[in-house]
């Protein structure tokens, strides 16, 4: 019986490899071909199996990849061209015996065109390609997209026209060479005849790996230059679709420790707790951890617990017979719950049970945030066994008042971003404004700093380049209006400050919700939510 089963199993295996659409090959330690299926014979231009078996592998393909696999003892992906000019995609992998001694090398061969057809059929490749074509063809600027090695992958019509004009291409190539070496973006300009040309090149990444560059060239006569640059950056953001550790601004010891913890924790599938006051950047850290994790290519879902009714928490998270819960719906992504203490004890108990009963492959990565301090965490707002579990992977983010050395780098980053977004030419803060920023306590932390900067930008005249104290909203540094911690809790103080801030913005824009939300840097939906939470009448004008 056993013998018949082994014979049948061997026959089935032979049939599988014979009919497989990819080429399979085994090579021994002497680099002689041990076995090969029919597809491998066709791709290597042989008609009979005997023409391959026992022959030196170097007769058909380069030996260099084999030598790299033998020395490195790990998988290798490469490509070569056969005698017919077909591009072959090759995957080499070592095969070991029970003593971890190299036994043979496996090789999978696939014809590149056939592989590309499968990619186009089963992914959004064609959609993305056509969308990119449509975006760049609508641009008045000359645009080209390059691979990470500098090879040109795509150009629009305007770029092709440049090739036939008397333009100094050395300047353009020099900018590319500089960007390739430094792995960062550059802006430059040069004079060609009577025209002034402005150039910009920006890299785009995925999970820290450089994918390529977008290079743009436009004549100064185009009035839409700044909007074109902004459009290009938006395209880059969509190409990247991820956040990096470099996006976390600051060099203070507290923030550097938090960044190192985030790097370490991004490699775990265990639940993570991020602690810090409102506005310190807990959601940003959660997004960075997600992007740098194995789930980085999948969905990141932020759950605002205050928007959930206490009765619907378990239904929304775990689902019921009529509803798929978020914890099941986003199994391959990351879920960030922004305030753990807002969940009921029963919901927290269910979360711990679910964490204990499920495997990492059955659940999304879980990140929890809380504004409560280390001491307050042991209050009745938490289910103690869950909190003990979360203590293993915990990040404490410092308030801005405890890392004021980071204020200058934070404002520089915000200025650069708002210049692009709002078409401004702001260069810096004045010395007097810097002193004000350094003496202010920032109860709303980094979120307050960004919101204040956004309001300031809206108030600036088009030709103003330096932010002076008189440009800052008057409420910002009137600290007497902030309730201090000896009178109530920090959260109550922050809530009162936020309410006053929203009221001032509403008054400034005559209760125009769209303009108010834009000035505050939040969505209209979020503005309505905050107005309801602070009991601000929506209809007052």
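In UniProt numbering, the protein residues as written are 1 to 541. Backbone N, C-alpha and C define an ideal beta-carbon position, used for all residues, glycine too. Since the model is a prediction, treat every value here as computed from it, not as a measurement.
Which residue or residues does DSSP assign as beta-bridge partners of residue i?
| i | result |
| --- | --- |
| residue 154 | 145 |
| residue 203 | 213 |
| residue 365 | 334 |
| residue 542 | Summary: the structure shown does not reach residue 542, with the chain confined to residues 1 through 541, and so no result is reported for it. |
| residue 272 | 367 |
| residue 323 | 320 |
| residue 302 | 336 |
| residue 24 | 108 |
| residue 33 | 27 |
| residue 197 | 190 and 219 |
| residue 93 | 106 |
| residue 395 | 274 |
| residue 56 | 32 |
| residue 466 | 428 |
So with Cβ pairs under 8 Å, would you call residue i a contact of chain C?
| i | result |
| --- | --- |
| residue 295 | Absent here is chain C; the protein component of the structure consists of one chain. |
If we count the other Cβ atoms within 10 Å of its Cβ and call it buried at 16 or more, is residue i buried or exposed?
| i | result |
| --- | --- |
| residue 290 | buried |
| residue 397 | buried |
| residue 73 | exposed |
| residue 516 | buried |
| residue 468 | exposed |
| residue 362 | exposed |
| residue 81 | exposed |
| residue 213 | buried |
| residue 270 | exposed |
| residue 479 | Because residue 479 carries a pLDDT of 45, less than 50, the predicted location of this residue cannot be relied on, and no value is offered for it. |
| residue 112 | exposed |
| residue 527 | buried |
| residue 518 | buried |
| residue 371 | buried |
| residue 452 | buried |
| residue 525 | exposed |
| residue 546 | Lying outside 1 to 541, the shown extent of the chain, residue 546 is not represented and no answer is given. |
| residue 96 | exposed |
| residue 275 | buried |
How big is the Cα-Cα spacing for residue i and residue j?
| i | j | result |
| --- | --- | --- |
| residue 369 | residue 44 | 57 Å |
| residue 413 | residue 384 | 40 Å |
| residue 523 | residue 532 | 14 Å |
| residue 197 | residue 415 | 25 Å |
| residue 321 | residue 300 | 25 Å |
| residue 99 | residue 105 | 16 Å |
| residue 352 | residue 266 | 20 Å |
| residue 399 | residue 279 | 8 Å |
| residue 34 | residue 86 | 24 Å |
| residue 103 | residue 26 | 10 Å |
| residue 217 | residue 210 | 22 Å |
| residue 184 | residue 472 | 32 Å |
| residue 373 | residue 292 | 27 Å |
| residue 448 | residue 509 | 19 Å |
| residue 536 | residue 187 | 45 Å |
| residue 347 | residue 436 | 44 Å |
| residue 310 | residue 256 | 37 Å |
| residue 470 | residue 433 | 9 Å |
| residue 76 | residue 512 | 59 Å |
| residue 52 | residue 68 | 22 Å |
| residue 403 | residue 439 | 12 Å |
Thinking just about the alpha-carbon of each residue, which of the options is nearest to the one in residue i?
| i | options | result |
| --- | --- | --- |
| residue 429 | 448, 456 and 451 | 456 |
| residue 246 | 253, 263 and 254 | 263 |
| residue 389 | 409, 91, 366 and 51 | 366 |
| residue 443 | 409, 504, 277 and 529 | 277 |
| residue 116 | 100, 169, 89 and 176 | 89 |
| residue 250 | 272, 275 and 285 | 285 |
| residue 149 | 156, 176 and 169 | 176 |
| residue 355 | 172, 387 and 503 | 387 |
| residue 141 | 156, 244, 79 and 519 | 156 |
| residue 206 | 181, 297, 248 and 180 | 297 |
| residue 171 | 344, 403, 182 and 215 | 215 |
| residue 349 | 382, 330, 364 and 431 | 382 |
| residue 203 | 158, 344, 46 and 147 | 147 |
| residue 464 | 500, 498 and 427 | 427 |
| residue 364 | 312, 62 and 295 | 295 |
- Would you say the region 328–347 touches the region 310–319, given that touching needs at least three Cβ pairs under 8 Å? For the pair of segments examined, the region 328–347 was found to touch the region 310–319: the number of CB pairs separated by less than 8 Å reaches three.
- Touching by the beta-carbon criterion (3+ pairs, under 8 Å), the region 421–436 and the region 299–312: No: the two stretches stay apart, fewer than three of their Cβ pairs being nearer than 8 Å.
- Task: Evaluate contact between the region 456–465 and the region 493–503, counting only Cβ atoms and requiring at least three cross-stretch pairs below 8 Å.
- Result: These segments do not touch.
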